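What follows is a short report on a single structure.
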Amino acid sequence: VDSPERLNGRSAALMRDISSHFSKIRSLIDASLSQTATLSMPIGSVPAVGVTILEVINLVTMLAKTGCGDIFDALLREQLLPRCLEIFFRHPWSSLLHNAIR
């Protein structure tokens, strides 16, 4: 059985490893922001969010909820929050996206 100190150390190492990939996450978000795909809805044509970006936003949200300093540092370094907010406001009709950010 692992001690709490060992588990905390392993958890911190995992968060550091995950945060080292945030530049790739930034690239996925930037690619989404540059797309102009639309969906036909009863209200007219609206920008499409896409399944991948929904999962990316879910991942970023979940990682932010860990409260880990390494995650927060990486979010700031890669400027993910402004990008996520841009996606959020570009897609006012996406209830899936808005629920993901809770």
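Just so we're aligned: 66 in our numbering is position 68 of the sequence shown, and the numbers increase by one with no gaps anywhere. All C-beta atoms, glycine included, are put in the ideal place defined by N, C-alpha and C. Here the structure is a predicted model, which is why all the values come from computation and not from measurement.
Around the beta carbon of R81, 16 or more other beta carbons sit within 10 angstroms, so the residue counts as buried.
With fewer than three CB-CB distances shorter than 8 Å, the segment 1 to 12 does not count as touching the segment 48 to 60. If you compare the alpha carbons of S9, R8, K22, N6 with that of L73, the shortest gap goes to K22.
Apart from the 5 residues on each side of it in sequence, Q77 sits with its Cβ closer than 8 Å to the Cβ of R24 in its chain, given in chain order. The closest CA to that of W91, considering only R14, I27, T36, is found on T36. Setting aside the 5 residues that flank it on each side, H89 is surrounded in the same chain by P45, V47, L95, each with a C-beta closer than 7 Å to its C-beta; the list follows chain order.
Distance from the Cα of I27 is smallest, within the candidate group R14, S17, E53, G42, for E53.
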